[in-house]
Amino acid sequence: MRESQDWEAFFEKIYLQFYASLCVFAKSFVYDDDEAEEIVQSIILKLWEHKESTAEITSLKSYLYRAVRNTCLNHIKHEKIKNQYQDTSWIKLKEIESEFIDPYQNTELEEHINEAIFNLPERCREVFEMSRFDGLKNKEISEKLDISVKAVEANITRALATLRKKINNYIHSEDNI
Amino acid sequence: MNTENLIIKYLTDENSAEDNAALMDWILSSEENKKEFAAICRYWYTAGRTNSEKSFDAHKAFSEFKNNTTQEIISPQNQTLTPQQKTTNTQKSRIMPLWRYIAAAAAVIVFVVISVFVNQNNITQQTIANTSATEKEIILPDGSTVYLHSHASVTYPSEFSEDNRTISINGHAFCEIARNEQAPFIISTPLISVEVLGTTFSIHTSNSKANVIVESGSVQVTKLISNQSVILEKNERVDYEKNNNLRTSINSDINYLSWKTGILTFDKTPLHKVFADIERHYNCSIIVSDEQIYSEILTSTFEQLSLEDVCTMISSAFPAISYLREGNTITFYN
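In order, the protein sequence lines correspond to chains A and B. Residue 1058 is where the first sequence starts when you use my numbering, and the numbers rise one by one after that. Residue 8 is where the second sequence starts when you use my numbering, and the numbers rise one by one after that.
The following block contains the structure:
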């Protein structure tokens, strides 16, 4: 059994290594910073409560991701954050999407993608960044840039298509490993 | 619409339920499609990762975590509240007005004893029907509590036997059952029977349909006609219509207990759903001048408010929307 100071260091490491990226992951389900943090904090607190058995957790990282995924899926099933329509497809899509969590940790891929974004045409990059980085809705972007919503959609489509083309080779070599 | 558009709509959260259903069909139609979907999601999330991470402060989160956990270690009896205690306390204070409400309601005579008859061992069966418009709290011999909605009734013995506790309920009620593993608690209704050990749940029965929603613990629901039975856990519900099967699902109706708590909660809820809950709670009818109003989103909690106050709050939340009340009919208009 660890001493309490060891435990503190152990959990500090968890926070520094995983906290922010777990929050980002949780946010892709709940669309809200505070809610995402609350979920991640609760999961780490639970880990703390059962810390004596963490030796059994073979891969902490995948354990944490799985916990966030399951908690978020439960959360959206119960709260139906998205909207109150019986939109079961949305939850299923989230389930499928979140099966691919580990690649989000791929720094090399991220560099490639960032470079590709940097090389996008000006307007296209602007729209993409507002949508992806600032989390703005298409309507908000259209108002800010004084272009139509259709144009916003078209630019996002174009950005993703370009990214896809540029990184295609890279992704394929990844998949084949 | 092409698939790429559907995926982008999904990622930017601009999708409708139909869009999602169409996208789902496309993904499930081949493994290739699924891969393509995953790849696009992957670009999308990878693109913003480092950037998005900046909005989360790991150091701050860790010190919050330390505050929570060290208090627990150093002094469990510490006066400072842990987050859990804080939540229970707020929950308690939120429930307070309910008791005042019940106390006020109790001042009026709200129930009638319909029939009392004596069987062997001097145990009497009595039926209590709530004929008032407000809910009525009934305490059973074992300490369990049944809250009757208006027009609901419960029949129970003056004393339970040692090995089982059987009562019957008709109408809409919420039950808090005292735990006793030796004597299972059985509720019989015209269509289903519900067996529990110790739990809280809501039950709504009539001669043609029934539903049970579990708030805590677990219950077993059995269809009388075929003995089909299901076990429900917390937050699950079962719906039954005569001649069909028992249908279980996760309960998504957060206001199912509003009749008992007097609290209506809406979390990013479209107004059409808000109105439906208000109609049920206040037994009124709501119409709109323009269907567009239905899609406005509301997040709010109404505690023990009058219908008038609720309407005022909704119209002040949406400056463009006003309302007109005529008796029990409310019209919202632009």
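Where is the CB? At the ideal position from N, CA and C, for every residue including glycine.
Cβ shell of residue i (< 8 Å), same chain only, five flanking positions each side left out
{"i": "B:Ser151", "result": "Arg172, Cys182, Glu183, Ile184, Ala185, Phe192"}
{"i": "B:Gln92", "result": "A caution first: B:Gln92 carries a pLDDT of 38, below 50, which makes its placement in the model unreliable, though a value can still be read off. Same-chain partners within the cutoff: there are none."}
{"i": "B:His279", "result": "Tyr301, Ser302"}
{"i": "B:Ile304", "result": "Lys275, Thr276, Pro277, Leu278"}
{"i": "A:Ile1100", "result": "Leu1079, Leu1121, Ala1124, Val1125, Thr1128"}
{"i": "B:Tyr17", "result": "Asp26, Asn27, Leu30"}
{"i": "B:Cys291", "result": "Ile285, Leu314, Asn335, Thr336, Ile337"}
Residues near residue i in its chain [Cβ-Cβ closer than 7 Å; skip 5 each side]
{"i": "B:Trp266", "result": "Glu142, His156, His288"}
{"i": "B:Val125", "result": "In this predicted model, B:Val125 has a pLDDT of only 48, less than 50, meaning its place in the structure is not dependable enough to derive any value."}
{"i": "B:Asn252", "result": "Gln235"}
{"i": "A:Ala1083", "result": "Ala1093, Ile1096, Val1097, Val1125, Cys1129"}
{"i": "A:Lys1134", "result": "Ile1148"}
{"i": "B:Arg107", "result": "The predicted position of B:Arg107 is uncertain, since its pLDDT is 46 and thus under 50; a value taken from the coordinates is nonetheless stated next. Contacts found: none."}
{"i": "B:Lys41", "result": "Ile34"}
{"i": "B:Ile146", "result": "Thr152"}
{"i": "A:Phe1075", "result": "Lys1118, Leu1121"}
{"i": "A:Asp1090", "result": "Lys1084"}
Proximity below 7 Å, CB of residue i to CB of residue j
{"i": "B:Thr53", "j": "A:Leu1166", "result": "yes"}
{"i": "A:Trp1105", "j": "B:Thr207", "result": "no"}
{"i": "B:Glu71", "j": "A:Ser1078", "result": "no"}
{"i": "A:Thr1214", "j": "B:Glu25", "result": "no"}
{"i": "B:Thr212", "j": "B:Thr196", "result": "yes"}
{"i": "A:Ser1188", "j": "B:Thr57", "result": "no"}
{"i": "B:Ile257", "j": "B:Thr272", "result": "no"}
{"i": "A:Asn1225", "j": "A:Cys1181", "result": "no"}
{"i": "B:Tyr263", "j": "B:Ile220", "result": "yes"}
{"i": "B:Glu21", "j": "A:Asn1195", "result": "yes"}
{"i": "A:Leu1220", "j": "B:Tyr50", "result": "yes"}
{"i": "B:Ser259", "j": "B:Glu240", "result": "no"}
Boundaries of the alpha helix (DSSP H) in which residue i is found, first to last residue
{"i": "B:Gly55", "result": "38 to 60"}
{"i": "B:Ala324", "result": "314 to 324"}
{"i": "B:Tyr17", "result": "10 to 18"}
{"i": "A:Leu1201", "result": "Per the sequence presented here, residue 1201 of chain A reads as Lys, with Leu not at that position. 1195 to 1202 is the extent of the alpha helix (DSSP H) around A:Lys1201."}
{"i": "B:Cys291", "result": "Neither: B:Cys291 is in no alpha helix (DSSP H) and is coded neither H nor E."}
{"i": "A:Lys1149", "result": "1145 to 1155"}
{"i": "A:Ser1188", "result": "1179 to 1189"}
{"i": "A:Ile1174", "result": "1164 to 1175"}
Limits of the beta strand (DSSP E) - the one that residue i falls within
{"i": "A:Asp1089", "result": "Careful: A:Asp1089 lies outside any beta strand (DSSP E) and carries neither H nor E."}
{"i": "B:Leu239", "result": "236 to 239"}
{"i": "B:Glu142", "result": "Careful: B:Glu142 lies outside any beta strand (DSSP E) and carries neither H nor E."}
{"i": "B:Ser307", "result": "304 to 310"}
{"i": "B:Leu271", "result": "270 to 277"}
{"i": "A:Tyr1072", "result": "A:Tyr1072 -> no beta strand (DSSP E), and no H or E assigned at all."}
{"i": "B:Ser329", "result": "329 to 333"}
6 Å CB neighbourhood of residue i in its chain, flanking five on each side removed
{"i": "B:Ile293", "result": "Phe282, Glu286, Ile337"}
{"i": "B:Phe339", "result": "Val295, Ile300, Ile328, Tyr330"}
{"i": "B:Phe63", "result": "none"}
{"i": "B:Tyr163", "result": "Leu147, Ile174"}
{"i": "A:Ala1242", "result": "The structure shown has nothing for residue 1242 of chain A, since chain A only spans 1058 to 1234."}
Residues within the stretch 43 to 56 of chain B neighbouring chain A, beta-carbon criterion of under 8 Å: Of all residues in the stretch 43 to 56 of chain B, the ones placed with a Cβ closer than 8 Å to any Cβ belonging to chain A are Phe44, Ala45, Ala46, Ile47, Cys48, Arg49, Tyr50, Trp51, Tyr52, Thr53, Ala54, Gly55, Arg56, in chain order.
| message | Under 7 Å, CB to CB, which of the residues in the stretch 1086 to 1099 of chain A have a partner in chain B? | response | Listed by position along the chain: Tyr1088, Asp1090, Glu1094, Gln1098.
Item to check | Residues of the stretch 1066 to 1078 of chain A with Cβ closer than 9 Å to any Cβ of chain B, in chain order | outcome: Of all residues in the stretch 1066 to 1078 of chain A, those with a C-beta nearer than 9 Å to a C-beta of chain B are Phe1068, Glu1069, Ile1071, Tyr1072, Leu1073, Gln1074, Phe1075, Tyr1076, Ala1077, Ser1078, reading in chain order.
In chain order, what are the residue ranges of uninterrupted beta strand (DSSP E) at least 3 long that sit wholly in the stretch 214 to 259 of chain B?
Within the stretch 214 to 259 of chain B, the complete beta strand (DSSP E) runs of at least 3 residues are 216 to 223, 226 to 230, 236 to 239, 243 to 248, 254 to 257.
| request: Mind listing, in chain order, the continuous beta strand (DSSP E) runs of no fewer than 3 residues lying wholly within the stretch 136 to 219 of chain B? | output: With a minimum length of 3 residues, the continuous beta strand (DSSP E) runs that stay inside the stretch 136 to 219 of chain B are 143 to 146, 152 to 155, 160 to 164, 172 to 183, 192 to 195, 199 to 203, 207 to 212.
Notebook entry, point to check: Which of the residues in the stretch 1207 to 1227 of chain A, read from start to end, lie with their CB under 8 Å from any CB of chain B?
Noted result: Along the stretch 1207 to 1227 of chain A, the positions whose C-beta sits under 8 Å from a C-beta of chain B are Glu1210, Ile1213, Thr1214, Leu1217, Ala1218, Leu1220, Arg1221, Ile1224, read in chain order.
Chain B contacts made by the stretch 1116 to 1129 of chain A, where a contact means CB separation under 8 Å = Hits within the stretch: zero.
Name the residues in the stretch 1164 to 1179 of chain A whose C-beta lies less than 8 Å from a C-beta of chain B; which are they? Answer set for the stretch 1164 to 1179 of chain A: Leu1166, Glu1167, Ile1170, Asn1171, Ile1174.
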